[in-house]
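**Q** In case it helps, our numbering puts the sequence shown at residues 19 to 723.
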Amino acid sequence: MQIDRRSLLIAGGVGAGLLVAWRLWPEGDAPLPVPEGSAEIGGLISLAPSGEITLHIPQVETGQGIWTALAQLAADEMGARLEDVAVQPLQAGAGFANPVIAEAFGRNVRLTGAATSVRGFAEPVRQAAAGIRGLLLAEAEALTDIDATSLTAINSEIIGGPRPLAFADLAEGAASRSVPGGMTLREWGSGGIAGTSAPRIDIAAKARGLWRFASDVRLPNMIHAAARLAPRGQRITRLDRAAADRPGLIDLIETPNYVAALGESWWQAEQALVAARVRFDTAPLDDASLSARLDAAMNEGRGETQFARGDASRALRGAEAPLSARYRFAPLVHHGLEPMSCAARQRSDGGLDIWATTQAPDALREAVAAATGVAIGAVSVIPMGVGDDSGRAIENDAAPIAAQLAIRTERPVMLTLSQSQTRLTSAMRSPGLVRASARISPERRIAAMQLRLVANGGMGASLDRLAGGDGRGIAPVVGRTGTPYAIPDLAIESVDAGLPLRTGHHRSSLDAMLNFASESMVDEVARAIGAEPVSFRIGMLGGDVRLAQLLGRVADAAQWDGGGPGSAMGVACAAIDGSRIALIAEAEMAAGSLRVARLVAAVDCGRVINPGLVEQQVAGGLLSALADMQDPAPVIERALPRLRGRPARPAMASIPEMEIIVMPSDAPMGGVTSLGAMGLAPALANALAADQGPRLRTVPFSLDR
Numbered sequence: 019m020q021i022d023r024r025s026l027l028i029a030g031g032v033g034a035g036l037l038v039a040w041r042l043w044p045e046g047d048a049p050l051p052v053p054e055g056s057a058e059i060g061g062l063i064s065l066a067p068s069g070e071i072t073l074h075i076p077q078v079e080t081g082q083g084i085w086t087a088l089a090q091l092a093a094d095e096m097g098a099r100l101e102d103v104a105v106q107p108l109q110a111g112a113g114f115a116n117p118v119i120a121e122a123f124g125r126n127v128r129l130t131g132a133a134t135s136v137r138g139f140a141e142p143v144r145q146a147a148a149g150i151r152g153l154l155l156a157e158a159e160a161l162t163d164i165d166a167t168s169l170t171a172i173n174s175e176i177i178g179g180p181r182p183l184a185f186a187d188l189a190e191g192a193a194s195r196s197v198p199g200g201m202t203l204r205e206w207g208s209g210g211i212a213g214t215s216a217p218r219i220d221i222a223a224k225a226r227g228l229w230r231f232a233s234d235v236r237l238p239n240m241i242h243a244a245a246r247l248a249p250r251g252q253r254i255t256r257l258d259r260a261a262a263d264r265p266g267l268i269d270l271i272e273t274p275n276y277v278a279a280l281g282e283s284w285w286q287a288e289q290a291l292v293a294a295r296v297r298f299d300t301a302p303l304d305d306a307s308l309s310a311r312l313d314a315a316m317n318e319g320r321g322e323t324q325f326a327r328g329d330a331s332r333a334l335r336g337a338e339a340p341l342s343a344r345y346r347f348a349p350l351v352h353h354g355l356e357p358m359s360c361a362a363r364q365r366s367d368g369g370l371d372i373w374a375t376t377q378a379p380d381a382l383r384e385a386v387a388a389a390t391g392v393a394i395g396a397v398s399v400i401p402m403g404v405g406d407d408s409g410r411a412i413e414n415d416a417a418p419i420a421a422q423l424a425i426r427t428e429r430p431v432m433l434t435l436s437q438s439q440t441r442l443t444s445a446m447r448s449p450g451l452v453r454a455s456a457r458i459s460p461e462r463r464i465a466a467m468q469l470r471l472v473a474n475g476g477m478g479a480s481l482d483r484l485a486g487g488d489g490r491g492i493a494p495v496v497g498r499t500g501t502p503y504a505i506p507d508l509a510i511e512s513v514d515a516g517l518p519l520r521t522g523h524h525r526s527s528l529d530a531m532l533n534f535a536s537e538s539m540v541d542e543v544a545r546a547i548g549a550e551p552v553s554f555r556i557g558m559l560g561g562d563v564r565l566a567q568l569l570g571r572v573a574d575a576a577q578w579d580g581g582g583p584g585s586a587m588g589v590a591c592a593a594i595d596g597s598r599i600a601l602i603a604e605a606e607m608a609a610g611s612l613r614v615a616r617l618v619a620a621v622d623c624g625r626v627i628n629p630g631l632v633e634q635q636v637a638g639g640l641l642s643a644l645a646d647m648q649d650p651a652p653v654i655e656r657a658l659p660r661l662r663g664r665p666a667r668p669a670m671a672s673i674p675e676m677e678i679i680v681m682p683s684d685a686p687m688g689g690v691t692s693l694g695a696m697g698l699a700p701a702l703a704n705a706l707a708a709d710q711g712p713r714l715r716t717v718p719f720s721l722d723r
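1. State the CB to CB distance for the pair L601 and L698, rounded to an integer number of angstroms; the pair is presumed to be in contact (CB under 8 Å).
2. State the Cα-Cα distance for the pair G178 and S168, rounded to the nearest angstrom.
3. Note down, in chain order, each residue of its chain lying with its Cβ closer than 7 Å to the Cβ of A705, except the 5 sequence neighbours on either side.
4. Can you give me the C-alpha to C-alpha distance between I221 and R656, rounded to a whole angstrom?
5. What would DSSP say about V632, mapped onto helix, strand or coil?
6. Pairing CB atoms from the region 514-527 with CB atoms from the region 472-481, are three or more of them under 8 Å?
7. Taking the Cβ atom as the reference point for each residue, do M446 and V351 lie within a distance shorter than 7 Å?
8. What is the rounded straight-line gap between the Cα of R195 and the Cα of L517?
9. Give the single residue among R327, Q468, A619 and R457 whose Cα lies nearest to the Cα of D574.
10. Would T390 be called buried (16 or more neighbouring beta carbons within 10 Å of its own) or exposed?
11. Entirely within the region 466-504 and at least 4 residues each: give me those alpha helix (DSSP H) ranges in chain order.
12. Please classify E675: is it buried, with 16 or more other beta-carbons within 10 angstroms of its beta-carbon, or exposed?
13. Below 8 Å, how does it come out for the region 357-376 and the region 398-410: are there three or more Cβ pairs, yes or no?
14. Starting from L442, trace the alpha helix (DSSP H) in both directions and tell me its first and last residue.
15. Measuring CB to CB, does R246 end up less than 7 Å from P274?
16. Does the region 23-39 touch the region 185-195, meaning 3 or more C-beta pairs lie closer than 8 Å?
17. Runs of 3 residues minimum, wholly inside the region 242-311: which ones carry the beta strand (DSSP E) assignment?
18. Work out the CA separation of F114 and P76 for me, nearest whole Å.
19. Could you give the DSSP three-state label for W206: helix, strand or coil?
20. With DSSP as the reference, label Q567 as helix, strand or coil.
21. When we look at the beta-carbon of N116 and count the other beta-carbons within 10 Å, is it buried (16 or more) or exposed?
22. Return helix, strand or coil for T691, following the three-state DSSP convention.
23. Hey, A466 and D507 are a contact pair by Cβ (cut 8 Å); roughly how many whole angstroms apart?
24. Spatial neighbours of S135 within its chain, please: CB distance less than 6 Å, with the 5 preceding and 5 following residues excluded, ordered by chain position.
25. Taking Cβ positions only, does G689 come closer than 7 Å to chain C?
26. Among the candidates L471, L435, G486 and P340, whose CA atom is the shortest distance from the CA of A387?
27. Would you call C118 buried or exposed, if buried means 16 or more other Cβ atoms sit within 10 Å of its Cβ?
28. From the DSSP secondary-structure annotation, give me the bridge partner or partners of F347.
29. Which same chain residues end up closer than 8 Å to P349 when comparing Cβ atoms and leaving out the 5 residues on each side of it in sequence?
30. Cα separation between P142 and L88?
31. So, is T443 buried or exposed, given that buried needs 16 or more other C-beta atoms within 10 angstroms?
32. Are the region 492-499 and the region 324-341 in contact at 8 Å, needing three or more beta carbon pairs?
33. Anyone know if the C-beta pair for A148 and W40 falls short of 7 Å?
34. How is V136 classed by DSSP in three states: helix, strand or coil?
35. Assuming contact is defined by CB atoms lying nearer than 7 Å, are D380 and Q82 in contact in what I supplied?
36. Would you mind giving the Cβ-Cβ distance between A244 and A279, rounded to the nearest angstrom? I have them listed as a contact below 8 Å.
The structure is reproduced here in structure tokens:
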């Protein structure tokens, strides 16, 4: 890619160093101070006269490691030391849209989630870093009279001249130059940083307790708040104000949509709400009616085609005895460590300062402005680090309420929703039902397959609410790339279940439901015809060499025993977000409980910035999915989830042996976040069915016991 001044905005000078924007602001007010006379700029890399390099990015760190990955790319492309690079999130208002989300869902929104950050922002970061490198080389050429092609940027210095020139000494002069013509990106990893398992830049601060989350914010004269929220579209019906009048209570504020208690401490405020026994309207939906509505939608609902190859309906109608099964999925609530929180302060000019847990800062800013009537340009939102990677921080219900309370009380307010309130009101993963049908060809392969998913919307519903909608009537977006297999007649369709539940994005996405049904059906077909499951899959992959290599590698690493009688092994694979995974699980049911002894995964996510981060993400996804498999499913009562006891996170002693094999390729960078969730459930189900065991078709498996 050619890099020139038309594609980058260069600013800086005396005292400012060098600023290179990797995308011009389309609109909005500047989140960062820029030198007088320069244009407003958004995401950028700044090189200070002191030599410190700061990468300002729109994406939020949720523990997935993207700040480290993008910092590695910038350092590698620039020729800098990684320890010289700091990362700072852009405040809200930058107008950045996540390009991968925009392409998939048609919504222009700044959002961190769904394994899109590196895929969406890696190349712009590299371009800006290459621009800085070109400017520094041009300045060094002028100072040394040595052609820039004979100079090299490495370890934050330009070498090749009489003496090394530090980046810091070149920064101010480079700001007045134009990017040399014909500038291109470096060969991948040529800086010796991209492609290595560099240490995460956030770990030291987190280990020392210095990493700040929204709930850590403390402001002068601050008071604390707790709240009870009515479900979207419902109203508060009653509360006991007299019982709430307890020591430490400052005020009890009642609105149609929420009740908030203010106290000198959060505990005092929360206990006042517990005593108030807040009640609200609910919808008449329980587990039995939910299941009936899913069945009705499966049989009668209008489907939306997500993928089609050939004519699966015709092929299945002509089959004498097609295999068919239904797979059910309970709703899944978020179990993250961090509850929803927000600090709000009204400024003397009438504007608002907001510190919030959020994966969508610009949308949160708009929601605060709409809730308070404050002009959007007067609302400053500082996105804090997020202590929950499950996806629930895409929507933060606490922020608009905290802003209203700060205006009303004329004091800074820290509002924190309790964990139970956060789980109750956050968007859950929708319950779902998948019908899978398959026809076997005379050549003992799958000739036709049809997958029909019934569920509420996932990411689409979350995005609709961010834009001011109610998230209803959004058909699930799943399976748009088909399955990994070259099945001649294949159809995937989704049906909006129309359930009165607040559903949205979850790390264990709706695609995981579809893959569970698909991989279970493939396994059922293999066993029905007496085929060995790994070779059966490889034989159906067609031209997907990457996945075939993963299946062979994981079978070798796990010492695959064929998955036949006497085996406790099961295999599954998946392709999502441009990446692929093959997984073998060794598991059994013992005394009515699922016991997982070993998980071996092989992963190909294209070009790898940091293999250690990939291993962490896949391992974390597997453990998170395993916990979700072992927890009892929430009970739906009056259209709200009720947990059956506390979430049973796995104890260290019960964590299975895990081996994650990262197999980089020259394919474009793919997403990693969802890989563990995609592969775990079907691999476990296939393992439990290996030795003539039960075929479990309900997730979590506890519902099938």
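Cβ coordinates follow ideal geometry from the N, Cα and C atoms, glycine included.
Bear in mind that the values here come from a model prediction, so they are computed numbers and not experimental data.
**A** The short version:
1. Between L601 and L698 the beta-carbon gap is near 7 Å, inside 8 Å, which marks them as a contact.
2. Distance between the alpha carbons of G178 and S168: 6 Å.
3. Result list for A705: A586, M587, G588, A603, E604 and A605, in chain order.
4. The C-alpha of I221 lies about 42 Å from the C-alpha of R656.
5. Helix at V632.
6. Yes: the two stretches touch, three or more of their Cβ pairs being nearer than 8 Å.
7. In this structure, M446 lies near V351, with their beta-carbon atoms less than 7 Å apart.
8. Straight-line measurement puts the Cα of L517 at about 59 Å from the Cα of R195.
9. Looking at the Cα atoms, A619 is the closest of the given residues.
10. Per the 10 Å Cβ criterion, buried.
11. Within the region 466-504, complete alpha helix (DSSP H) segments of at least 4 residues are found at 477-484, given in chain order.
12. The residue is exposed, with fewer than 16 neighbouring Cβ atoms inside 10 Å.
13. The region 357-376, when compared against the region 398-410, does touch it at the 8 Å Cβ threshold.
14. For L442, the uninterrupted alpha helix (DSSP H) run begins and ends at Q437 to T443, by DSSP.
15. No. Outside cutoff.
16. Yes: the two stretches touch, three or more of their Cβ pairs being nearer than 8 Å.
17. If we require 3 residues or more, the beta strand (DSSP E) runs fully inside the region 242-311 come out as 254-256, 267-272 and 276-281.
18. The alpha-carbon of P76 is positioned some 7 Å away from that of F114.
19. In this structure, DSSP gives W206 a state outside helix and strand, which the three-state scheme calls coil.
20. If DSSP states are grouped into helix, strand and coil, Q567 belongs with the helices.
21. Counting the other Cβ atoms within 10 Å of the Cβ of N116 gives 16 or more, which makes it buried.
22. In this structure, T691 counts as coil in the three-state DSSP scheme.
23. That pair is a contact at about 4 Å.
24. Q77 and I84.
25. Absence of chain C from the displayed structure is noted, only one protein chain being present.
26. Comparing C-alpha distances from A387 to each of L471, L435, G486 and P340 shows the shortest one belongs to G486.
27. A small correction: the amino acid at residue 118 is Val; Cys does not occupy that position in the sequence shown. It is buried - the Cβ of V118 has at least 16 other Cβ atoms within 10 Å.
28. Looking at the DSSP assignment, F347 forms a beta bridge with G450 and V717.
29. Non-local beta-carbon contacts of P349 in its own chain, meaning distances under 8 Å to residues more than five positions away in sequence, involve M446, R447, S448, P449, L519, T521, A651, P652, I654 and P659 in chain order.
30. Each residue's Cα considered, the two are about 10 Å apart.
31. Counting Cβ neighbours within 10 Å, T443 comes out buried, since at least 16 surround it.
32. The region 492-499 vs the region 324-341: in contact.
33. Contact flag unset, no.
34. Three-state result, V136: helix.
35. No, the Cβ-Cβ distance between D380 and Q82 is not below 7 Å.
36. The Cβ separation is near 5 Å, so the contact holds.
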